[in-house]
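Undergrad: Below are the structure tokens for one structure; questions will follow.
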Amino acid sequence: MVQQTVTLLESVLEANHRFTRPGAFPPLPKSPTRQLAIFTCMDTRLVDFLEPAMGLKRGDAKVIKNAGNTIIDPNGGVIRSLVVGVFFLGVEEIFVIGHRDCGMSDVNDAMLRHRMIERGIEADAIDALIPDMHSWLGAFTHPVENIKHVVKIIRDCPLIPEDIPVHGLLFCPDDGHLDLLENGYNRQTFSNEANQKY
Ligand code: ZN
549 MVQQTVTLLE SVLEANHRFT RPGAFPPLPK SPTRQLAIFT CMDTRLVDFL EPAMGLKRGD
609 AKVIKNAGNT IIDPNGGVIR SLVVGVFFLG VEEIFVIGHR DCGMSDVNDA MLRHRMIERG
669 IEADAIDALI PDMHSWLGAF THPVENIKHV VKIIRDCPLI PEDIPVHGLL FCPDDGHLDL
729 LENGYNRQTF SNEANQKY
């Protein structure tokens, strides 16, 4: 008997066919009903986990993700998304949420370059586009350090209004608990205690 292989794409389309039902999902507004934007990591363990852990549902929040919730360009895509969220979509508060055991805290830029070349990427192309792999990756040694850095970048960004609170939190992808590192309402800097605790 010939084993029929189902591709990932086919399995996704099949699941989608079973999922969709006419009229099952009432339309929601584009603007977040809870007026918040989350900037977090693309880590798979956060999918279908971070939002329920925050008491959020579909339609409640804008969610921006990248590898390690890093900002390497203060005028880049993350800030652009936040600006659109604030000025077009009613975002009133920003939550920067890093997580424990983040893969970006131990990423090896030399190893990444090696793997790219092994897969056929031209070394010249890498060096032309990414002269400083370490900075380009936004690699960090500890998620708390990165959250602190990113909160500061957003707060200091002249394109984000000063009255938008920017909170910093650390999420646990194993049990779902959040540690508050930075309360955006009081704009205090990180304490040494917070740095040492996590
Ligand atoms: Zn991560």
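Under our numbering, the sequence shown has 604 at position 56, and the numbering climbs by one with no breaks.
We treat Cβ as the ideally placed atom computed from N, Cα and C, and that holds for glycine.
Every value quoted in this text rests on a predicted model; they were computed, and no experiment measured them.
#1: Which two residues bound the contiguous alpha helix (DSSP H) that contains F597?
#2: Quick check: the Cα distance between H682 and G651, rounded to an integer number of angstroms?
#3: Does the distance between the C-beta of N731 and the nearest non-hydrogen atom of the ligand ZN fall short of 8 angstroms?
#4: Taking the beta carbon of S629 as the centre, do at least 16 other beta carbons fall within 10 Å, making it buried, or is it exposed?
#5: Within the same chain, show all residues whose beta-carbon is closer than 7 angstroms to that of G716, passing over the 5 residues directly before and after it, in chain order.
#6: Report yes or no: do three or more beta-carbon pairs, one from the segment 576-593 and one from the segment 633-640, lie closer than 8 angstroms?
#7: Hey, quick one: how far does the alpha helix (DSSP H) through K700 stretch, first residue to last?
#8: Can you list, in chain order, the residues of its chain whose CB lies under 7 angstroms from that of R661, leaving out five sequence neighbours each side?
#9: Taking the Cβ atom as the reference point for each residue, do G813 and P691 lie within a distance shorter than 9 angstroms?
#10: Near H565, what residues of its chain come up, given a Cβ to Cβ distance below 7 angstroms and the 5 sequence neighbours on each side ignored?
TA: Quick answer:
#1: Segment: none, F597 is in no alpha helix (DSSP H) and carries neither H nor E.
#2: 14 angstroms
#3: no
#4: buried
#5: V644, I695, K696, V699, L729 and E730
#6: yes
#7: P691 to D704
#8: I674 and M681
#9: A query on residue 813 cannot be resolved here, the shown segment of the chain reaching from 549 to 746 and no further.
#10: none
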